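In numbering that gives the first Met the number 0, the protein residues as written are 0 to 309. Note that the Cβ used here is the ideal one computed from N, Cα and C, for glycine as well. Keep in mind the model is a prediction, meaning the values are calculated, not measured. Notes to accompany the following structure.
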Amino acid sequence: MRFGDPAKLKVGEWVVAIGSPFGFENTVTAGIVSAKGRSLPQENFVPFIQTDVAINPGNSGGPLFNMRGEVVGINSQIYSRTGGFMGMSFAIPIDLALNVKNQLLTKGKVSRSRIGVAVQEVNQKLAQSFGLGTPHGALISNVEPKSPGERAGLKPGDVITSVNGHNIDHSYDLPTIIADIPPGSEAHVGIWHDHKAGTVDVKTVLLDDEPARTARNDNDEGGGKLGLAVRPLDPKEQQELHTRGRLLVEDVSGPALAAGLQAGDVVLGVNGAGVASVADLKREVARAGHSVALLIQRDEAQIYVPVDIG
């Protein structure tokens, strides 16, 4: 078989799968590319090709062809609540599969890199909060202590826009590109920091098998026009909540409620600046424009939440 370039696939393009669904050998099904670069739970390093090609038990491992007869993917899994095909199937891009094959043949194992950051997608409101002209890049929501990212100076609120000359258009682009860099190599990372473009060099490390974990006083209306009622956390409460944050959300209303904030969230920062007190929160909100990006901790995860404050 000839191999195609998954990067040249376009959403809406016709594709064909061959497999043995339910034991019926050499069954051909056809459909279109529904999306590219899909990240699925428990698998952050494969930018799956999503199609609506009928895939059922017995199809996994079969080829996905473009209309030129080139193999562009390996059918891998489906999303289903019944166990049967429901219109969503996913294929591993063939270039990624070939890379894995080559590593297994030459080294006997697959090595991937990491830089120790958790990222999220940049939407229009977040882009506005951080001064980006258009939504793009991967917004850092958490940096692991003593990780390559921390040693390079990366901070929550930075937006990674490129790696070694490859543009990062969406957050799911970053893990795939970083994973392909040999561990121990320097990654030249373009970032958007404090409303300015810059670059940093980050030395990648080997991705281990254990995934990194991402992200009473009287109430004080520290959130002001945000619609947040917050109070300081004492050291014992911080330890119980496994957080470095100092401000606990006790009540939510108005813009904060509309943005999805919840009582029990811990506020860590505003527009990339850390906040350790109610005064800090008031100051940073006062500096903001029509929208702010709040970095919060919810359970064990850290995420940015854009809040439109008018």
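Checklist entry - Taking all protein chains shown into account, do 16 or more other C-beta atoms lie within 10 angstroms of the C-beta of Lys145, making it buried, or fewer, making it exposed? => result exposed
Checklist entry - How far does the alpha helix (DSSP H) with Leu129 in it reach, from first residue to last? => result In the sequence as presented, Leu is not what sits at residue 129; that position holds Phe. Counting along the chain, the alpha helix (DSSP H) containing Phe129 begins and ends at Gln123 to Phe129.
Checklist entry - What separation, rounded to the nearest whole angstrom, lies between the Cα atoms of Asn270 and Glu236? => result 25 Å
Next on the checklist: So if DSSP puts Gln296 in a beta bridge, which residue, or which two residues, is it bridged to?
Outcome noted: Val265 and Gln301
Next on the checklist: Please report the straight-line C-alpha distance between Glu143 and Gly68, rounded to a whole angstrom.
Outcome noted: 44 Å
Checklist entry - When the Cα atoms are used, what is the spatial distance from Phe129 to Pro56? => result 45 Å
Next on the checklist: Using the three-state DSSP reduction, which class does Val109 fall into: helix, strand or coil?
Outcome noted: coil
Next on the checklist: Within a Cβ cutoff of 6 Å, which residues of the same chain sit near Met0, ignoring the five residues on either side of it in sequence?
Outcome noted: Val70
Next on the checklist: Does Asp298 pass the burial test, meaning 16 or more other C-beta atoms within 10 Å, or should it be called exposed?
Outcome noted: exposed
Checklist entry - Do Leu280 and Val265 come within 8 Å of each other at the CB atom, strictly closer than that value? => result no
Checklist entry - So who's on the other strand from Glu143, going by DSSP bridges? => result Beta-bridge pairing links Glu143 to no other residue.
Item to check | Coil, strand or helix - Asn98 by DSSP | outcome: helix
Item to check | Classification of Phe2 by the beta-carbon crowding that lies within 10 angstroms, buried from 16 upward | outcome: exposed
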